[in-house]
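Residue numbering for the sequence shown follows the numbering used here, starting at 664 and increasing by one per position.
Below is one structure, written out as structure tokens; comments come after it.
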Amino acid sequence: KLLQHSDLFQQVGKELRFTHYVWEAFFTARALAEEAKTADPTSEQPELLKYLHDPAWTLLLDCYAGLGDVEPLIKTLLQESRAEKGLPALFKAARWAILAPEDVPWRKEILKALAQAFIKPSLEQPTRLRIGRALAMVAGESARPFYLQTLRHPLPAVRAAALRGLGWTGRPREMKILAAALRDPDFTIRESAIWALSDLGTVGAFRYLSDLLPYGDEQLMPVIAEALATQPDGWDPLKEATQAEDLLVRRAAAHGLGQIHQPWAQSILEKMGREDTQWLVRSAAQAALSTQQKEAEATVVAAPPKIDEMQWLLAWAAQQGLGLGIGEAALQMLLHAVETGDSNARISGALTLSLIGRQEHLDMLRPLLDHEDAAVQKAAAAAIRHIETRYKEVTNVEEGPPADEEVPPADEEGEPKESPPSEPETQP
């Protein structure tokens, strides 16, 4: 009785079903893991291999990676990763290495594959950084020796990515290495050192960046300002930089404030755009505001589809000898297609309800989870998920957002330096 009346389950006819699909995925993964313990040890888990790249099984397989032995699946992924376009398989294997217990024997193979991919000369830099990030997440602090060794690589792009790796390991001791990299003649190395300091995320790293801002070259100043904008520890230095005597510092500050989507940052930019004495600074502030406005416009949600203009529904209604109608009449025809139509009509109807459906339509969709056509089942499951998520979000908005957590105060030790910083502080 307790289970029947809990929010974990819902009553569908005479059956109890999980309210949220994550529970179904978890318990199915656990059952499969238990079965595997008693199965033939030479078995290659053909059922799981069959669904290795099925998006519908992604969550289930992630759960299984933490509960069962995925070594046969890992071998398949590593084999696929050696192909020309095998990076998705490598990233999937890396994710499972993060989720699996620490003592799994195949983790070293994943690390070796990631390290080999990291230093490939032909990689685009965003992909190299993604590989480096995966390596840091799988190995943790153990990745540090690899990044230090890779700093000697002849290719600047590889050295730049290795600096980011040192930032991801999150130790203040790396600040001296990163400060030395800021003197490198290659701009990509200096830029990566700035972002690595931001990746460290320590009070000392952000203090060093704020001290460095007035002494950066014209090319590096905007990068420093953008890095300061990534965390609240860097916001006050950006505010102070808007009052600097050097117009290049003020211009960089405007660029950094443009990355902060807060009302106070917008107010400062508006004032700079009106009142700063230098056209270069006013222009930078106005450009930052314009970029923010375009980003806000780009997030506008598209209008829902018009039911009475859907060609598939018009054709289906005509086949039934019925007119589609408009407004509520068209909606009733859509619901009629979901209830009585063939597989194609039910799939199209369910996908339409995923965009415009209301809570009262869930009872109509749930019986389709037992439909003989697997495609209908998937469409109904997707529609139910979208509707439940949409109404959950609306409820959360009506209840109001949670109170903001208090940001811990930054360490106040040390005054801003009057000369270019040469030896960074290493205070965490």
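All C-beta atoms in this analysis are idealised placements derived from N, C-alpha and C, irrespective of residue type, glycine included.
| Asked | Found |
| --- | --- |
| State buried or exposed for Ser855, treating a residue as buried only when at least 16 other CB atoms are found within 10 Å of its CB. | buried |
| Pull up the distance between the alpha-carbon of Ala688 and that of Ile737, whole angstroms please. | 20 Å |
| Which residue comes first and which comes last in the beta strand (DSSP E) that contains Glu678? | Glu678 to Phe681 |
| Closest to Ala756 by CA distance: which of Leu777, Gly879, Glu765 and Gly897 is it? | Leu777 |
| Figure out for me which residue from Glu903, Thr893, Leu875 and Ser1017 has the closest Cα to the Cα of Met935. | Glu903 |
| List in chain order: all unbroken alpha helix (DSSP H) runs of 4+ residues lying wholly within the region 709 to 780. | 709 to 713, 721 to 730, 734 to 744 and 750 to 762 |
| Give me the Cβ distance between Ile852 and Ala823, rounded to the nearest whole Å; I'm assuming they're in contact under 8 Å. | 5 Å |
| Taking the straight line between their C-alpha atoms, what separation do you get for Pro1064 and Ala928? | Confidence at Pro1064 is low in this model, with a pLDDT of 43, below 50, so the placement of that residue is unreliable and no value is reported for it. |
| In chain order, what residues of the same chain have a beta carbon less than 8 Å from the beta carbon of Gly830, not counting five sequence neighbours either side? | Glu837, Leu841, Trp858, Ala859, Leu860, Ser861, Asp862 and Leu863 |
| Along the chain, where does the alpha helix (DSSP H) containing Gln673 start, and where does it finish? | That residue, Gln673, is in no alpha helix (DSSP H); its beta strand (DSSP E) goes Phe672 to Val675. |
| Can you give me the C-alpha to C-alpha distance between Arg1021 and Ile1047, rounded to a whole angstrom? | 10 Å |
| Quick check on the burial criterion: 16 or more other C-beta atoms within 10 angstroms. Buried or exposed for Ala992? | exposed |
| Within a Cβ cutoff of 7 Å, which residues of the same chain sit near Arg834, ignoring the five residues on either side of it in sequence? | none |
| Beta-carbon separation of Ala780 and Ile761 under 7 Å? | no |
| Could you check where the alpha helix (DSSP H) with His918 kicks off and where it finishes? | Leu910 to Leu920 |
| Comparing alpha-carbon positions, which option in Asp1033, Arg1053 and Ala1038 lies nearest Leu1018? | Arg1053 |
| Helix, strand or coil: which one does DSSP assign to Ile923? | coil |
| Nearest to Ala1008 by CA position, among Gly990, Glu1023, Leu901 and Asp1036, is which residue? | Asp1036 |
| Could you check the C-alpha separation between Arg945 and Thr954 for me, to the nearest Å? | 14 Å |
| Identify the continuous alpha helix (DSSP H) that holds Asp971 and give its terminal residues. | Here Asp971 belongs to no alpha helix (DSSP H), and DSSP marks it neither H nor E. |
| If you reduce the DSSP assignment to three classes, tell me which class Ser1017 lands in. | helix |
| Near Met800, what residues of its chain come up, given a Cβ to Cβ distance below 6 Å and the 5 sequence neighbours on each side ignored? | Ile761 |
| Suppose contacts are defined by Cβ-Cβ distances below 7 Å. Is Ser1011 in contact with Val1039 by that definition? | no |
| Using C-beta distances below 8 Å, list every residue in its chain close to Ala1045, excluding the 5 sequence neighbours before and after it, in chain order. | Ala1013, Leu1014 and Ser1017 |
| Given Asp670, which residues of its chain have a CB within under 7 Å of its CB, disregarding the five upstream and five downstream residues? | Thr682 |
| Which residues bound the alpha helix (DSSP H) around Ala802? | Gln788 to Ala802 |
| Mapping the DSSP letters down to three states, classify Pro784 as helix, strand or coil. | coil |
| Using CA atoms only, rank isn't needed, just tell me which of Ile782, Gly897, Gly729 and Leu876 is closest to Val866. | Gly897 |
| Put Gln995 into one of helix, strand or coil per three-state DSSP. | helix |
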